[in-house]
Amino acid sequence: SAGEAYALVSMDPNFEDTERCPVDKVQDRIRELTAFTAVGQSFISMRPIHVKVVRSTGPQLSLIDLPGVTHNADLMADIHEVTVELVRDYVRPEETIILCVLPAMSDFGNAEVIKLAREFDPKGVRTLGVITKCDDAAVAEYSDVVEKATMARPADVRL
66 SAGEAYALVS MDPNFEDTER CPVDKVQDRI RELTAFTAVG QSFISMRPIH
116 VKVVRSTGPQ LSLIDLPGVT HNADLMADIH EVTVELVRDY VRPEETIILC
166 VLPAMSDFGN AEVIKLAREF DPKGVRTLGV ITKCDDAAVA EYSDVVEKAT
216 MARPADVRL
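Here the working numbering is used: the sequence shown runs in plain steps of one and ends on residue 224.
Spelled out as structure tokens, the structure:
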């Protein structure tokens, strides 16, 4: 229908010749494009996939989901350098809001994503922390996730 939301999913930032995609099929389309661009032993593409959701109401917002910084050389010999440079390219602009996604049980102080965010946002004015996998903390023998999330201790990472 005329007011129904749809998405455009493309390697082209201008979305030229891009067919409309039902919103509930966006994930499938992203997987298709990822499989097409990340061929062979290269599991990461330096070409972004652009997603534009069109709807009649609501604010406009662009999100870019970057791969996590990894050291798993079994996937690609230079995967760490590739992922770090990709993150740097996207967090460099001053208008970018940086979401640092961290598993609850990780050491926030040693998280490379925090170090990268601080490199480009030393005062933390455009950096937000997102803590995931909190259910792991619930079953752990010991967890300081509440202290880390509330930044209760002087040594806790400020997000």
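Heads up, the beta-carbon is just placed ideally off N, CA and C, and yes, glycines get one too.
Because the structure is a prediction, the values reported are computed rather than measured.
Buried versus exposed, by CB contacts within 10 Å (16 or more), residue i
i	result
residue 144	buried
residue 68	exposed
residue 194	buried
residue 75	buried
residue 70	exposed
residue 173	buried
residue 122	exposed
residue 99	exposed
residue 215	exposed
residue 213	buried
Backbone secondary structure at residue i - three-state DSSP
i	result
residue 129	coil
residue 80	coil
residue 134	coil
residue 94	helix
residue 222	coil
residue 39	Outside the displayed span of the chain (66 to 224) sits residue 39, for which this structure offers no information.
One or two residues paired with residue i in a DSSP bridge
i	result
residue 192	163
residue 197	168
residue 71	87 and 119
Beta-carbon spacing of residue i, residue j below 7 angstroms
i	j	result
residue 202	residue 190	no
residue 162	residue 156	no
residue 132	residue 148	yes
residue 196	residue 151	no
residue 176	residue 199	no
residue 114	residue 129	no
residue 222	residue 179	yes
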